[in-house]
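Reading through the structure tokens given below for one structure.
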Amino acid sequence: MMTKVWNGRRRNMGKGMSKVAIVKIHQLMDDGEERSIKEIIDVLLSEPRDNGRSLKHIVPTKRELSQFVRLNNYARRQVRKSERLQNGMVFRYLETRYRKQ
435 MMTKVWNGRR
445 RNMGKGMSKV
455 AIVKIHQLMD
465 DGEERSIKEI
475 IDVLLSEPRD
485 NGRSLKHIVP
495 TKRELSQFVR
505 LNNYARRQVR
515 KSERLQNGMV
525 FRYLETRYRK
535 Q
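To convert a position in the sequence shown, counted from 1, into my numbering, add 434.
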């Protein structure tokens, strides 16, 4: 009995990004600038909401966004970044940047 209930719930979950989010991401990336996933989400969060939509319809999760840019053949490259922490240590990491081809 539990499997029927669980399967029904799983089928409704994970529908992916909304069409509004897809349109906004394509408009944002049309300028040809390279952006990371975090930068794309920050821009979407800073845009004013239209028609009273909630942020959940406009801003996708990091996982949804990374799958979206990968499946839509955005050009990507990895960049080495470093940040100096308050205690003087340096934190180095790789960041993937995406650009519309």
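Even glycine gets a Cβ: it sits at the ideal position worked out from N, Cα and C.
{"Item": "Endpoints, beta strand (DSSP E) assigned at Gln461", "Value": "Unbroken run through Gln461 is the alpha helix (DSSP H), Lys453 to Met463; no beta strand (DSSP E)."}
{"Item": "Minimum Cβ-Cβ distance from Thr495 to chain D less than 8 angstroms", "Value": "Looking for chain D here will not work: only one protein chain is present."}
{"Item": "8 angstroms Cβ cutoff met for Leu479 and Val493", "Value": "yes"}
{"Item": "Nearest to Gln501 (by Cα), restricted to the options Asn521, Asn485 and Tyr532", "Value": "Tyr532"}
{"Item": "Neighbourhood of His491 by C-beta, 6 angstroms cutoff - its chain only, sequence neighbours within 5 removed", "Value": "Ser452 and Val454"}
{"Item": "Residue span of the alpha helix (DSSP H) that contains Ser500, given as start and end", "Value": "Lys496 to Leu505"}
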